Amino acid sequence: MSHSALPQPATAHRSEALTGRVRVPGDKSISHRSFMFGGLASGETRITGLLEGEDVMRTGEAMKAMGARIERNGAEWVIQGTGNGCLLQPEAPLDFGNAGTGSRLTMGLVGTYDMETTFIGDASLSKRPMARVLDPLREMGVQVVSAAPGDRMPLTLRGPKHAAPITYRVPMPSAQVKSAVLLAGLNTAGITTVLEPVMTRDHTEKMLRGFGAAIEVETDAAGLRTIRIEGEGKLTGQVIAVPGDPSSAAFPLVAALLVPGSDITIDNVLMNPTRTGLILTLQEMGADITLLNPRNAGGEDVVDLRVRASDLRGVTVPPERAPSMIDEYPVLAVAASFAEGITVMEGLDELRVKESDRLAAVAAGLKANNVDCTEGEASLSVTGCPGGMGLGGGTVETHLDHRIAMAFLVMGLAASKPVTVDDRAMIATSFPEFMDLMTGLGAVIE
Numbered sequence: 016m017s018h019s020a021l022p023q024p025a026t027a028h029r030s031e032a033l034t035g036r037v038r039v040p041g042d043k044s045i046s047h048r049s050f051m052f053g054g055l056a057s058g059e060t061r062i063t064g065l066l067e068g069e070d071v072m073r074t075g076e077a078m079k080a081m082g083a084r085i086e087r088n089g090a091e092w093v094i095q096g097t098g099n100g101c102l103l104q105p106e107a108p109l110d111f112g113n114a115g116t117g118s119r120l121t122m123g124l125v126g127t128y129d130m131e132t133t134f135i136g137d138a139s140l141s142k143r144p145m146a147r148v149l150d151p152l153r154e155m156g157v158q159v160v161s162a163a164p165g166d167r168m169p170l171t172l173r174g175p176k177h178a179a180p181i182t183y184r185v186p187m188p189s190a191q192v193k194s195a196v197l198l199a200g201l202n203t204a205g206i207t208t209v210l211e212p213v214m215t216r217d218h219t220e221k222m223l224r225g226f227g228a229a230i231e232v233e234t235d236a237a238g239l240r241t242i243r244i245e246g247e248g249k250l251t252g253q254v255i256a257v258p259g260d261p262s263s264a265a266f267p268l269v270a271a272l273l274v275p276g277s278d279i280t281i282d283n284v285l286m287n288p289t290r291t292g293l294i295l296t297l298q299e300m301g302a303d304i305t306l307l308n309p310r311n312a313g314g315e316d317v318v319d320l321r322v323r324a325s326d327l328r329g330v331t332v333p334p335e336r337a338p339s340m341i342d343e344y345p346v347l348a349v350a351a352s353f354a355e356g357i358t359v360m361e362g363l364d365e366l367r368v369k370e371s372d373r374l375a376a377v378a379a380g381l382k383a384n385n386v387d388c389t390e391g392e393a394s395l396s397v398t399g400c401p402g403g404m405g406l407g408g409g410t411v412e413t414h415l416d417h418r419i420a421m422a423f424l425v426m427g428l429a430a431s432k433p434v435t436v437d438d439r440a441m442i443a444t445s446f447p448e449f450m451d452l453m454t455g456l457g458a459v460i461e
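The sequence shown lines up with residues 16 to 461 when you count with this note's numbering.
Rendered as structure tokens:
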């Protein structure tokens, strides 16, 4: 699917109660890393539950281009890895489409190799700044041979003969930057250290440890995390069961809260503490969400979520919660549109550099559908309209952003007037089953 193809609009209509039991696709963050670490490790890695969206497949293709063997065998993906330090120079540019996570992490992974690698992406990814990842790589000796203005794609990296380990304090909460530096450290002699003042999703650290990397994490009394990784060690193939993506679960979850009479269960959802900000916030707003059957799968906490329609009230979401729900703010803003009172979201500067300027896109979409909201430099306040009377009736510009598209289709299910998004095509990057899953619960989307 090319993002230059004709747009595919979609319209969501006020729906009857949503009911049923569903399972969302595998977690996107863990799926990317499963392909990367499996492709890098010695021996065989077997993966079930992988998210087979376009973004993750781009990461898989990149690893294949550098020597890994990756095949689908029934419900499993089977990988024969190259061994740490043994990636090959790709013969052609690595095309990451719309995959920001895949591209930034792979820059870290290959940057310290003594080879030249070119990264390209679609129109949306080519607008996204890469300096935050390239700056620490430069400190390790990586050359940015060429790049579009502002350290954007297309860009070409040239690794040093011998990369230098660094100690790097991440200047903003970003799991991508942290992970890129740690992955660069895998192929660098000595100890690479990342200092993380605000904890972000920790899948990279957990999974590297599972694959056998020598990695240590310490947290001091002030909450500063110090992550040390010893380079040039051996990684060994693993068996991975990918749990359901909480960022994808957010869409049917919020839809069930907003559509009167709804009662749904979402099975097998990842509950890593660095990813549960949305559920905590919605519960503070009065959401009826029950965590069922808590269990551990592959080193991660997993639950089933029962969600029933609820009357929500506005809250103030503290800025320090942003890293644990950064991808969920679009759909939280939709939930806030139906809540009693005002919801204030702060600490949203990271949203400016997502698939779109996500903060501006959310505010514009809300206003197009008669929601009273105020966009700040790093904040959004939304005045809700319980029952959704008078909401909807607009067309939302998605800016090739899958989460904007899904969030506003959820809005249309509970608003008094239909909500249209200008393009649904890019939803396939993260949640190919979204339309079928939602209509199976009773949602009216056409």
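Positions of the beta carbon are idealized from the N, C-alpha and C atoms, including for glycine.
In this text the structure is predicted, and so the values were computed from the model without any measurement.
- By the C-beta criterion, the stretch 262-274 is judged to be in contact with the stretch 438-455, since at least 3 inter-stretch pairs fall below 8 Å.
- Take the alpha-carbon of Thr208 and the one of Val159: they are about 22 Å apart.
- Secondary structure at Leu295: helix, using DSSP grouped into helix, strand and coil.
- Taken atom to atom, the span from the alpha-carbon of Ser46 to that of His218 is near 10 Å.
- Counted as a single uninterrupted DSSP element, the beta strand (DSSP E) harbouring Tyr183 occupies residues Thr182 to Arg184.
- Residue pairing by DSSP places Ser57 opposite Thr251 in a beta bridge.
- For Ala27, the pairing in a beta bridge is given by DSSP as Val434 and Ile460.
- The stretch 126-145 makes contact with the stretch 94-110: 3 or more CB pairs, one atom from each, lie closer than 8 Å.
- If you ignore the 5 residues before and after Thr203, its C-beta comes within less than 6 Å of the C-beta of Thr127, Ala178, Pro180 and Gly246, all in its own chain and listed in chain order.
- Per DSSP, the beta-bridge partners of Ile304 are Val322.
- When rounded, the separation of the alpha-carbon atoms in Ala229 and Gly248 is 7 Å.
- In this structure, Met222 is the residue among Val411, Thr289 and Met222 with its C-alpha nearest to the C-alpha of Ala256.
- By DSSP's assignment, Gln158 forms a beta bridge with Arg173.
- Gln191 sits in a helix when the DSSP states are folded into three classes.
- Gly82 places its beta carbon 8 Å or farther from that of Thr60.
- Residue burial is scored here from C-beta neighbours: Arg84 has fewer than 16 other C-beta atoms within 10 angstroms and is therefore classed as exposed.
- Annotation for Arg240: the continuous beta strand (DSSP E) segment containing it runs Arg240 to Glu245.
- Taking C-beta separations shorter than 6 Å and ignoring five residues to either side along the sequence, the partners of Arg173 in its chain run Glu131, Gln158 and Val160, following chain order.
- Non-local C-beta neighbours of Arg38 in its own chain, meaning closer than 8 Å and more than five positions away in sequence, comprise Gly259, Ile281, Asp282 and Asn283, ordered along the chain.
- The residues Arg243, in chain order, have a CB closer than 7 Å to that of Glu231 in the same chain once the five nearest residues on each side in sequence are set aside.
- Inter-residue distance for Val254 and Thr413 is about 37 Å (C-alpha atoms, whole angstroms).
- Excluding five sequence positions before and after Ala77, the CB atoms of its chain that fall closer than 6 Å to its own CB belong to Leu109 and Thr121, given in chain order.
- Residue environment: Leu21 is assigned as exposed (fewer than 16 neighbouring CB atoms within 10 Å of its CB, all protein chains considered).
- Taking every protein chain shown into account, the CB of Arg36 has fewer than 16 other CB atoms within 10 angstroms, so this residue is exposed.
- The three-state reading of DSSP puts Glu365 in helix, counting H, G and I together.
- It is roughly 28 Å from the alpha-carbon of Val318 to the alpha-carbon of Thr251.
- In the displayed model, Gly259 falls within a strand according to three-state DSSP.
- DSSP, reduced to helix, strand and coil, places Arg167 within a strand of the structure shown.
- Within its own chain, the residues whose Cβ lies closer than 6 Å to the Cβ of Gly200, once the five positions on either side in sequence are excluded, are Thr207, Ile244 and Gly246, listed in chain order.
- As a beta-bridge residue in DSSP terms, Met360 pairs with Val332 and Leu395.
- Of all alpha-carbon atoms in Arg143, Glu31 and Leu65, the one lying nearest the alpha-carbon of Gly41 is that of Leu65.
- Between Gln298 and the set Leu424, Asp387, Pro433 and Val269, the nearest pair of CA atoms involves Val269.
- From the listed residues Thr241, Asp326, Gly314 and Gly292, the smallest Cα separation to Ser277 is found for Asp326.
- In the displayed model, Pro108 falls within coil according to three-state DSSP, outside both helix and strand.
- Assigned with DSSP and collapsed to three states, Ala229 falls in coil, not helix or strand.
- In this structure, the CA atom of Pro188 is about 8 Å from the CA atom of Glu211.
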